[in-house]
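Colleague: Numbering (UniProt numbering), first residue to last: 1 to 385.
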Amino acid sequence: MPHVNVFDTTLRDGEQSPGVNINKLEKLEIAKHLERFGVDIMEAGFPASSQGDFEAVKAVADTVKNASVTGLARAKKSDIDTAWEALKGASEPRLHIFLATSPIHMTYKLKKTPEEVAQQAVEMVKYAREKFPHVEWSAEDATRSDMDFLVNIIERVIDAGATVINLPDTVGYATPQEYGRLFKTVRERVPNIARVQLSAHCHNDLGMAVANTIAAVENGATQVEGTINGIGERAGNAALEELAVALNIRKDQYPYTTNLVLKEIKRTSDVVSKLTGMVVPGNKAVVGRNAFAHESGIHQDGVLKNASTYEIITPALVGVESNNLVLGKHSGRRAFKDKVEQLGYELSDEKLNEAFKTFKSLTDRKKEVTAEDLATILTDIQTAV
Ligand code: KIV
Ligand code: ZN
1 MPHVNVFDTT
11 LRDGEQSPGV
21 NINKLEKLEI
31 AKHLERFGVD
41 IMEAGFPASS
51 QGDFEAVKAV
61 ADTVKNASVT
71 GLARAKKSDI
81 DTAWEALKGA
91 SEPRLHIFLA
101 TSPIHMTYKL
111 KKTPEEVAQQ
121 AVEMVKYARE
131 KFPHVEWSAE
141 DATRSDMDFL
151 VNIIERVIDA
161 GATVINLPDT
171 VGYATPQEYG
181 RLFKTVRERV
191 PNIARVQLSA
201 HCHNDLGMAV
211 ANTIAAVENG
221 ATQVEGTING
231 IGERAGNAAL
241 EELAVALNIR
251 KDQYPYTTNL
261 VLKEIKRTSD
271 VVSKLTGMVV
281 PGNKAVVGRN
291 AFAHESGIHQ
301 DGVLKNASTY
311 EIITPALVGV
321 ESNNLVLGKH
331 SGRRAFKDKV
341 EQLGYELSDE
351 KLNEAFKTFK
361 SLTDRKKEVT
371 AEDLATILTD
381 IQTAV
């Protein structure tokens with residue numbers, strides 16, 4: 001089975017989420033969890049962006065031993081030099097250089113011709129390789145770039161020494177079909193492409209980041225990039241926990257291996273949420289509070305008979321202790337009885353019926369009935385004369 005490398009950018013692109021600022025100690029804590037989660041590469045930050053981030057990247061690089069540590073740099077010598085100072089203590093230092101290749105970015109942002117951009121990319125990749133054993137080059141806004149230009153610049157950057165080529169969907173505009181086609185075409189048309197890893201980096205502006213990333217893998221990407229909980233610039237990046245689980249439980253469709261340790265997912269997600277202040281939505285796939293919760297009576301009854309009726313992921317797979325049968329207005333007698341027993345109450349059928357009626361009338365006034373509410377109902381009924 002082909003192997004896919006996982007590049008985590010929670011500490012760089014994830015930190016670009018509006019309002020998020022992760023300090024050195026927080027980055028170190030998240031980095032330890034990422035290491036346990038088994039990411040192959042972690043992007044610790046953007047060393048030239050601030051003294052604080054330089055120090056944070058350096059601390060991560062000096063500490064993490066079981067993953068390659070990288071930092072972002074613009075295609076300029078001073079950024080590359082600063083990144084080297086931050087990353088040189090890493091067990092496998094790696095640089096991530098980016099330069100935009102789309103007409104929109106080259107014209108309005110860089111104010112450079114395509115040839116000027118190509119020459120700058122080549123020169124900076126060569127410069128970076130004088131120090132770094134691994135250099136990833138990203139064609140920023142690749143999905144809105146001209147294909148002939150992309151093919152040309154990628155070939156030249158590989159000859160200059162890049163070891164990874166990343167094709168970001170910077171603005172989250174591509175569809176899975178288009179993004180897959182981009183990777184297929186690059187594999188077919190760039191003559192020296194087999195010398196490098198080919199990486200996918202997707203943003204979630206249209207909610208398709210994970211689907212796009214998988215489409216890239218199906219079309220020749222050997223590395224995927226994303227963040228924990230999908231945090232990142234604007235609508236975020238591809239959520240690594242979703243990607244990990246999809247690749248794991250749909251092996252029939254996606255026959256690829258990764259080094260990820262799925263049972264670390266929940267813990268890692270909780271730590272990232274706490275330290276970034278980015279609350280995970282309840283209905284978020286895999287790590288949301290409701291991902292393993294069942295409210296309707298029909299579903300609860302099914303799950304109590306056999307969890308696979310309504311659960312395609314076992315909670316244990318991703319480090320969640322158990323599923324949760326939420327008592328609400330759609331809940332049925334079966335889940336109610338189960339909860340009563342779990343709480344240690346022994347009620348006659350008659351008293352159980354009475355308690356169920358009281359519970360149902362409470363659900364018309366309250367969205368979720370808590371264990372405390374239930375304890376009050378049950379104690380009242382049990383002690384009623
Ligand atoms: O989305 C993007 O294009 C990026 C680059 C810096 C790789 O994050
Ligand atoms: Zn990005």
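Note that CB positions come from ideal geometry on N, CA and C, so glycine has one too.
1) Does any heavy atom of the ligand KIV sit closer than 7 Å to the C-beta of F7?
2) Any heavy atom of the ligand PLP closer than 7 Å to the beta-carbon of P18?
3) So does the stretch 231-249 actually touch the stretch 288-301, counting three or more Cβ pairs closer than 8 Å?
4) Measuring CB to CB, does I153 end up less than 8 Å from V196?
5) Could you tell me the distance, in whole angstroms, from the CA atom of T376 to the CA atom of H33?
6) Using CA coordinates, which residue listed in V210, A59, Q300 and Q382 is at the minimum distance from L352?
7) Return helix, strand or coil for V57, following the three-state DSSP convention.
8) Can you find the residues in the same chain that come closer than 8 Å, C-beta to C-beta, to Y313, ignoring five residues on each side of it along the sequence?
9) Comparing alpha-carbon positions, which option in A44, L325, D79 and A73 lies nearest L304?
10) What residue does the beta strand (DSSP E) around R94 start on, and which one ends it?
11) Excluding the 5 residues flanking A90 on each side, which residues of the same chain have their C-beta closer than 6 Å to its C-beta?
12) Helix, strand or coil, according to DSSP, for S78 in the structure here?
13) Would you tell me roughly how many angstroms separate the C-alpha atoms of P176 and K184, rounded to the nearest one?
14) Quick check: V57 and A86, are their CB atoms within less than 8 Å of each other?
15) DSSP three-state call for H33: helix, strand or coil?
16) Quick check on DSSP: helix, strand or coil for H134?
17) What residue does the alpha helix (DSSP H) around P176 start on, and which one ends it?
18) When the Cα atoms are used, what is the spatial distance from G332 to P315?
19) In chain order, which continuous runs of the alpha helix (DSSP H) of length 4 or greater are located wholly inside the stretch 255-292?
20) Would the beta-carbon of A216 fall within 8 Å of that of G172?
21) What do you reckon, are the CB atoms on A174 and N204 nearer than 8 Å?
22) Nearest by alpha-carbon distance to H294: which of T309, P281 and G230 is it?
23) What residues are listed by DSSP as bridge partners for I298?
24) Can you check which of these residues, Q223, R189, A238 and T227, is closest to L206 by C-alpha distance?
25) Applying the criterion that 16 or more other CB atoms from any shown protein chain within 10 Å of the CB defines a buried residue, is H105 buried or exposed?
26) For G38, I'd like the list of residues in its chain whose CB is within less than 7 Å of its CB, leaving aside the five on either flank, ordered along the chain.
27) Going by the CB atoms, is the gap between F7 and E43 shorter than 8 Å?
28) Enumerate in chain order the residues of its own chain whose CB-to-CB distance from V280 is below 8 Å, with the five nearest sequence positions on each side excluded.
29) Look at the alpha carbon of E311 and the alpha carbon of K131, and state the distance between them as a whole number of angstroms.
30) Let me know the secondary structure DSSP gives T383 once reduced to three states.
31) Give the secondary structure of I193 by DSSP, where H, G and I count as helix, E and B as strand, and everything else as coil.
32) Are L198 and V224 touching if we call contact CB-CB under 8 Å?
33) Short check: CB of V117 to CB of V151, under 8 Å?
34) When DSSP labels each residue in this structure, what does G45 get in the three-state scheme?
35) Grouping DSSP H, G and I as helix and E and B as strand, with all else coil, what is E123?
36) Given this structure, state the Cα-to-Cα distance separating Q16 from K357, to the nearest angstrom.
Modeller: Per the coordinate set shown:
1) Relative to the ligand KIV, F7 has its C-beta separated by 7 Å or more from all heavy atoms.
2) Among the ligands present in this structure, namely the ligand KIV and the ligand ZN, the ligand PLP is not found.
3) Contact between the stretch 231-249 and the stretch 288-301 is absent, with fewer than three C-beta pairs closer than 8 Å.
4) Not in contact: I153 and V196 (Cβ atoms no closer than 8 Å).
5) Looking at the two C-alpha atoms, the distance is approximately 40 Å.
6) Ranked by Cα distance from L352, the options V210, A59, Q300 and Q382 are led by Q382.
7) V57: helix per DSSP, three-state reduction.
8) Correcting the residue identity first, residue 313 is Ile in this sequence and not Tyr. Counting only residues of its own chain and dropping the five nearest sequence neighbours on each side, I313 has a CB closer than 8 Å to the CB of V245, I249, V286, A291 and F292.
9) The residue with the shortest Cα to Cα distance from L304 is L325.
10) In the DSSP annotation of this structure, the continuous segment of the beta strand (DSSP E) that includes R94 starts and ends at P93 to A100.
11) Listed in chain order, the non-local C-beta contacts of A90 below 6 Å within the same chain comprise A61 and V69, local neighbours out to five positions each way being set aside.
12) Of the three classes helix, strand and coil, the one that applies to S78 here is helix, per DSSP.
13) Going from the Cα of P176 to the Cα of K184 covers about 12 Å.
14) Less than 8 Å separates the beta-carbon of V57 from that of A86.
15) If DSSP states are grouped into helix, strand and coil, H33 belongs with the helices.
16) DSSP, reduced to helix, strand and coil, places H134 within a strand of the structure shown.
17) Secondary structure note for P176: its alpha helix (DSSP H) is the uninterrupted segment P176 to R189.
18) One Cα belongs to G332, the other to P315, and the distance between them is close to 22 Å.
19) DSSP runs (the alpha helix (DSSP H)) wholly in the stretch 255-292: 265-276.
20) No.
21) It is not a contact, given that the beta carbons lie outside the stated cut-off.
22) Each of T309, P281 and G230 was checked against the Cα of H294, and the nearest Cα belongs to T309.
23) Partner(s): none; I298 has no beta bridge.
24) Cα-wise, what sits closest to L206 is A238.
25) Per the 10 Å Cβ criterion, buried.
26) Around G38: N259, L260 and V261.
27) Yes; because the gap between Cβ atoms is below 8 Å, this pair is in contact.
28) Excluding positions up to five away in sequence, the list reads N229, S269, S273, V287, G288 and R289.
29) One C-alpha to the other measures close to 49 Å.
30) Assigned with DSSP and collapsed to three states, T383 falls in helix.
31) If DSSP states are grouped into helix, strand and coil, I193 belongs with the helices.
32) With contacts defined by Cβ atoms closer than 8 Å, L198 and V224 do not form a contacting pair.
33) Between V117 and V151, the gap from beta carbon to beta carbon reaches 8 Å or more.
34) Looking at G45 - three-state DSSP - the assignment turns out to be strand.
35) E123 falls in the helix class under three-state DSSP.
36) Each residue's alpha carbon lies about 50 Å from the other.
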